[in-house]
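Scroll down for the structure; my scribbles are underneath it.
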Amino acid sequence: MTTMVTQAADWTRVCHIKEIPVLGARQLQRPQGPAVALFRTADERVFALLDRCPHKGGPLSQGLVFGHAVACPLHNWTIALDSGQALAPDQGCSARFSVQLREGEVWLRRSELDSLGLEFAPLQAGPCGA
Numbered sequence: 369m370t371t372m373v374t375q376a377a378d379w380t381r382v383c384h385i386k387e388i389p390v391l392g393a394r395q396l397q398r399p400q401g402p403a404v405a406l407f408r409t410a411d412e413r414v415f416a417l418l419d420r421c422p423h424k425g426g427p428l429s430q431g432l433v434f435g436h437a438v439a440c441p442l443h444n445w446t447i448a449l450d451s452g453q454a455l456a457p458d459q460g461c462s463a464r465f466s467v468q469l470r471e472g473e474v475w476l477r478r479s480e481l482d483s484l485g486l487e488f489a490p491l492q493a494g495p496c497g498a
């Protein structure tokens, strides 16, 4: 029973889905580290990535959202929203954050907000979410 309470307590409400434009993004500032970009797709799914392209650190929240991907506004790298992985021929990964939708409210894991992507460095290779 304690585990379920801990897991539930790890989620934090960040906004309402209507606060994210369809085929667009919204920035979520954190006390430390780069912001998190929240993306809303045409099919009403919400994804969260570190607001930095793995290539040169471009702000993904300012990119074009299409399907389940975003094009970085600096050099047009395409990043998959579900994994944070750059699509071929490009390589690299933007940290991905877990998302829950509850009755139109967007929730993220507090533990991930407090730990993922805090020391961002462009062109890092490795598994997504690391």
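Be aware that the sequence shown starts at 369, since it is given in the working numbering, and climbs by one per residue.
Cβ atoms here follow ideal geometry from the backbone N, Cα and C, with glycine treated the same way.
Source: prediction; values computed, not measured.
Proximity of residue i and residue j at Cβ, strictly below 8 Å
i	j	result
glycine 431	alanine 463	no
leucine 442	glycine 460	no
isoleucine 447	alanine 456	no
Residue from the options whose Cα sits closest to the Cα of residue i
i	options	result
phenylalanine 415	Leu469, Pro441 and Pro422	Leu469
phenylalanine 465	Arg478, Ala376 and Gly401	Arg478
leucine 481	Ala376, Ala377, Ala403 and Ser451	Ala403
alanine 376	Val467, Asp411, Phe488 and Ser483	Val467
Close beta carbons around residue i, own chain, < 6 Å, minus the five adjacent residues each side
i	result
serine 429	Ala393, Gln395, Ala405 and Asp419
arginine 408	Ile388, Val390 and Val414
alanine 498	Any reading at alanine 498 must be qualified, since the residue scores a pLDDT of 44, below 50, and its modelled position is unreliable; the value itself is stated next. Counting only Cβ-Cβ distances below 6 Å, and skipping sequence neighbours, we find nothing.
glutamine 397	Ala403
aspartate 378	Arg477, Arg478 and Ser479
glycine 458	Note on identity: in this sequence residue 458 is aspartate, with glycine being the wrong assignment. These residues qualify, in order along the chain: Trp445.
valine 382	Leu396, Val474 and Leu476
Beta-bridge partners of residue i, as assigned by DSSP
i	result
leucine 469	Val474
phenylalanine 488	Per DSSP, none; premise fails for phenylalanine 488.
threonine 409	Bridge partners of threonine 409: none, in fact.
arginine 381	Trp475
isoleucine 447	Val438 and Ala454
glutamine 395	Ala405
arginine 464	Leu417
valine 433	Val438
Near the ligand ATP: residue i beta-carbon under 7 Å from a heavy atom
i	result
histidine 384	Inclusion of the ligand ATP in the displayed structure is not the case, the ligand content being empty and no account of it being possible.
Whole-number beta carbon distance between residue j and residue i, since they are thought to touch under 8 Å
i	j	result
threonine 380	tryptophan 475	6 Å
histidine 384	glycine 472	6 Å
lysine 424	proline 490	5 Å
Own chain, CB closer than 7 Å to residue i, minus 5 neighbours either side, in chain order
i	result
cysteine 421	Leu428, Cys440, Leu442, Trp445, Ile447 and Ser462
alanine 410	Val390 and Leu391
valine 433	Leu391, Gly392, Ala393, Phe407 and Thr409
Beta-carbon contacts of residue i that lie in its chain and below 8 Å, excluding the five residues immediately before and after
i	result
glutamate 487	Gly401
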